[in-house]
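Numbering (the working numbering), first residue to last: 2 to 252. Note that beta-carbon positions come from the ideal geometry of N, C-alpha and C, so glycine has one too. For reference, the structure is listed below as structure tokens.
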């Protein structure tokens, strides 16, 4: 990566991404939040994030990165368990020399035509996922864990779930099966605790994400409307204009 180079904003769908810094320093901007990274740091990006990377001009950033989607239910659930309480990008940074080495091994494996490469890749990615899960378990302050039924904790988890599944949520009623409560109960607790509804929070986050995607200028309004599960580009445009005061085309 060149000095001062800015890797433009790009959205994640259903994958996790690791950025392993091998030299220099810079900034990872995730959903508008800046996090400083330096040599030895690994930054974990979540599904549905929008982020970009900016290198320091005085100490150019060099890094490796890989992105993957996990279809192993146990590992995926454990990775999803990292997401709550870590909307702040600074809580996604960790250091692990073994994980950095494994990331390099994955990249090398993709560049070579080795025998049984697919099996080797699966093994390497599994090790990366498990070591990452363990690293974040170690970082968790057990004294700060709130009771599972605490209203504030539940609301925070709902917000984090919406943030990290903004492209895949098709109905808010699906939150019931995710959190194991009746949707009307979740909705009632959310409204009483936060003073706004789940629907309004979801709508706000969809439009914020749409604005970032429009500024990136890689997708059309129609494609963004479909990606964010609006019923039509017309309903998306109407909601967008009501929120920001101008149409998606003017962004």
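If residue i sits next to residue j, beta carbons under 8 Å apart, how far is it from one beta carbon to the other, in whole angstroms?
| i | j | result |
| --- | --- | --- |
| residue 65 | residue 23 | 6 Å |
| residue 49 | residue 13 | 6 Å |
| residue 107 | residue 125 | 5 Å |
| residue 129 | residue 100 | 6 Å |
| residue 228 | residue 168 | 6 Å |
| residue 45 | residue 17 | 7 Å |
| residue 194 | residue 152 | 5 Å |
| residue 67 | residue 29 | With 8 Å as the limit, residue 67 and residue 29 do not qualify as a contact, their Cβ atoms being about 15 Å apart. |
If we count the other Cβ atoms within 10 Å of its Cβ and call it buried at 16 or more, is residue i buried or exposed?
| i | result |
| --- | --- |
| residue 34 | exposed |
| residue 52 | buried |
| residue 197 | exposed |
| residue 247 | exposed |
| residue 114 | exposed |
| residue 145 | With a pLDDT of 44 at residue 145, under the threshold of 50, the modelled position of that residue is not reliable, and the figure given next carries that caveat. Under this definition residue 145 is an exposed residue. |
| residue 19 | buried |
| residue 117 | exposed |
| residue 42 | buried |
| residue 222 | buried |
| residue 120 | exposed |
| residue 241 | buried |
| residue 186 | exposed |
| residue 21 | buried |
| residue 219 | exposed |
| residue 56 | buried |
| residue 165 | buried |
| residue 111 | exposed |
Along the chain, where does the beta strand (DSSP E) that runs through residue i open and close?
| i | result |
| --- | --- |
| residue 111 | Here residue 111 belongs to no beta strand (DSSP E); instead the alpha helix (DSSP H) covers 98-112. |
| residue 168 | From DSSP, residue 168 is part of no beta strand (DSSP E); its letter is neither H nor E. |
| residue 76 | No beta strand (DSSP E) holds residue 76; the alpha helix (DSSP H) holding it covers 74-81. |
| residue 294 | Any question about residue 294 goes unanswered here, given that the chain covers just 2 to 252. |
| residue 238 | Careful: residue 238 lies outside any beta strand (DSSP E), inside the alpha helix (DSSP H) at 234-245. |
| residue 46 | 43-46 |
For residue i, report the span of its alpha helix (DSSP H) as first-last.
| i | result |
| --- | --- |
| residue 216 | 199-217 |
| residue 189 | 184-195 |
| residue 228 | 222-228 |
Looking at the C-beta of residue i, does it have a partner C-beta in chain D at a distance below 8 Å?
| i | result |
| --- | --- |
| residue 67 | Included in the structure is just one protein chain, with no chain D present. |
Bridge partners for residue i per DSSP, in chain order?
| i | result |
| --- | --- |
| residue 11 | 52 |
| residue 28 | 37 and 55 |
| residue 64 | 22 |
| residue 95 | 43 |
| residue 137 | According to DSSP, which records beta bridges pairwise, residue 137 is partnered with nothing at all. |
Original post:
On the three-pair Cβ rule with 8 Å, is the stretch 149-161 touching the stretch 188-198?
Top reply: yes
Original post:
Can at least three beta-carbon pairs, one atom from the stretch 167-182 and one from the stretch 86-101, be found at a separation below 8 Å?
Top reply: no
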